[in-house]
Amino acid sequence: QKEVEQNSGPLSVPEGAIASLNCTYSDRGSQSFFWYRQYSGKSPELIMSIYSNGDKEDGRFTAQLNKASQYVSLLIRDSQPSDSATYLCAVNGGSQGNLIFGKGTKLSVKP
Amino acid sequence: DAGVTQSPTHLIKTRGQQVTLRCSPISGHKSVSWYQQVLGQGPQFIFQYYEKEERGRGNFPDRFSARQFPNYSSELNVNALLLGDSALYLCASSLEWGQGQFFGPGTRLTVL
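The listed protein sequences derive, respectively, from chains L and E. Residue numbers for the first sequence follow our numbering, so the first one is 1 and each next one is one higher. Residue numbers for the second sequence follow our numbering, so the first one is 1 and each next one is one higher.
Have a look at this one:
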């Protein structure tokens, strides 16, 4: 059973701080890794994709991948109250093209 | 460009009924996937279609079926509805196999 694990939170950070979200996955054959943001009552929104080891930066977001440790993380710099949402880690399911999601981490950014 | 569209937005059905949900992918996207999301959980994979062929099926009963049309739009059908089928049903499209998937707004299904 392929699994993706996330700390459900809630993770609370003050405005302007760095929020660090973590994810581990069980399938060593996974090739593609994604972070989605989901506001309450809305559908998931793709915010980051990462395919190779290392860091990938896009604006205030940095995704980090360590395939040896089967670990993916998302850093949000200068956190804003508008970043308050549930963040879903998703891993490509290998031979099938489906995504396997974690349960999500709820982030709260306090003004 | 328009994103993924889904219809209807909300749906209320009773146990034993059948439902059809519809999805139109982003223009040019060949892959369409369906997911079920219940409160507090991440989306669970139901089906994936690529170039109009079924490429994957999740751990859902045979009451769930889907198809993709020549214009790449897709339908998800659920027969003999159960209370436990109440969920947000999400459609996602991607340009190519294995790439990031973009979600539509979802259909909120309530089974009474």
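By construction, the Cβ of each residue, glycine as well, lies at the ideal position given by its N, Cα and C atoms. If you're wondering where the values come from, they're calculated on a predicted model, not measured in any experiment.
Helix, strand or coil: how does DSSP classify G84 (chain E) here? helix
Using a C-beta cutoff of 8 Å, does G102 (chain L) count as contacting chain E? yes
Would you list the residues sitting across from P8 (chain E) in a DSSP beta bridge? Paired residue(s): none; P8 (chain E) is not in a bridge.
Among L:M48, L:V72 and L:L107, which residue has its Cα nearest to the Cα of S82 (chain L)? L:L107
With 8 Å set as the bound, which would you pick, yes or no: does the beta-carbon of F103 (chain E) sit closer than that to a beta-carbon of chain L? yes
Can you give me the start and stop residues for the beta strand (DSSP E) that A66 (chain E) sits inside? Here the beta strand (DSSP E) through A66 (chain E) covers F64 to Q68.
Closer than 9 Å by beta-carbon distance: list the chain E residues that pair up with Q70 (chain L), in chain order. The contacting residues do not exist; Q70 (chain L) stays about 17 Å from chain E at best.
Cutoff 6 Å; reference R77 (chain L); Cβ partners in own chain excluding five residues on either side: I18 and R60
Beta-carbon proximity of L88 (chain E) to V111 (chain E), cut-off 8 Å: Not closer than 8 Å, so no.
May I have the straight-line CA-CA distance separating W121 (chain E) from S8 (chain L), to the nearest angstrom? Past the edges of chain E, shown from 1 to 112, lies residue 121 (chain E), and the structure says nothing about it.
Stretch-stretch touch, CB-based, cutoff 8 Å, three pairs: the stretch 4-16 of chain E with the stretch 85-105 of chain L: no
If you drop the 5 nearest sequence neighbours on each side, which residues of the same chain put their C-beta closer than 8 Å to that of V4 (chain L)? C23, T24, Y25, S26, C89, A90, V91, I100, F101 and G102
Identify the continuous beta strand (DSSP E) that holds Q37 (chain E) and give its terminal residues. Annotation for Q37 (chain E): the continuous beta strand (DSSP E) segment containing it runs S31 to Q37.
Does P44 (chain L) come within less than 8 Å of chain E when only Cβ atoms are used? yes
Buried or exposed, going by whether 16 or more other CB atoms sit within 10 Å of the CB of L39 (chain E)? Flag for L39 (chain E) reads exposed.
Listed in chain order, which residues of the stretch 59-82 of chain E have Cβ atoms closer than 7 Å to some Cβ of chain L? none
Where does D83 (chain L) fall in DSSP's three states? Helix.
Nearest-angstrom Cα separation, counted from P14 (chain L) out to G100 (chain E): 30 Å
Roughly how far, in whole angstroms, is the beta-carbon of Q68 (chain E) from the beta-carbon of V32 (chain E), given that I think they are within contact range, below 8 Å? 6 Å
Return the residues of the stretch 14-31 of chain L that lie within a Cβ-Cβ distance of less than 8 Å from chain E, sorted by chain order. Q31
Can you give the Cα-Cα distance for G97 (chain L) and S84 (chain L), rounded to whole angstroms? 29 Å
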